[in-house]
Each structure stands twice: as C-alpha cells, then as structure tokens.
Amino acid sequence: PPRKSTRGNPPPPLIQDTVNCMIQESVEAAIRAERERVQNEANRAEGHNVAPVAKECTFADFMKCSPITFRGNEGAAEKKVMMTKEFCPPEEIQRMEGEL
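Numbers given in our numbering equal positions in the sequence shown, counted from 1, plus 99.
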C-alpha cells in the first residue's frame, strides 16, 4: 500500500488581499475590545464607587494640616520682583539677548 504523508497539505500561500483582510479584522476586534473596556469603566464610575465630592476647606481645616509659616511681610507683587531680581538678573538677560 502507498505510504501516507504525515505532513498533510501545505497551507495555501497568503495573498496580499488575504493579509489586508486579516489585518482589518484584527484592528476591528481591537477597537471593539477597547470600546467595551471604556464602556465598562464608565459603567463602573456610575455605580456606588463614585468618588466623593470635595468638601469645603475652612481656615481651621487648613491650619490642621500644619502649613509652613510664611516669614516676611511682602505681598505677591513684591515676591515676584524679588524672584525676578534673584533668578533673572538684567545683565544675564541682556547677554542672552545679545547672543541671539
């Protein structure tokens, strides 16, 4: 009797149209899966696990957090001027403008 081949028939060669179709199907499946995941996340957010609304912070609540004490009597405008002088000296800015 003739011997049977254990290899079977080789798969048909892939045609470009077949490859494009396979890619399209896998992309569509990935998009569907991502949409389902996003929808599940949205559904979960509507349930009883919704984050609580932030409560009002009073001065007493703020002081309980032990804020760093502010040393100085200047306002915001004076601090801005001081920081500009400290970190952006006019000579340095002129030098950089000259380089441009």
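Yeah, the Cβ is synthetic: ideal placement off N, Cα and C, and Gly gets one too.
Under the three-state reduction of DSSP, T183 is assigned to helix. Per the coordinates, the alpha-carbon of A129 lies some 55 Å from the alpha-carbon of V180.
Looking at the backbone, the Cα of K163 and that of F186 are separated by about 33 Å. Per the coordinates, the alpha-carbon of E177 lies some 10 Å from the alpha-carbon of T183.
E135 and P189 have their alpha carbons spaced roughly 57 Å apart. For I114, no alpha helix (DSSP H) run applies, since DSSP gives it neither H nor E.
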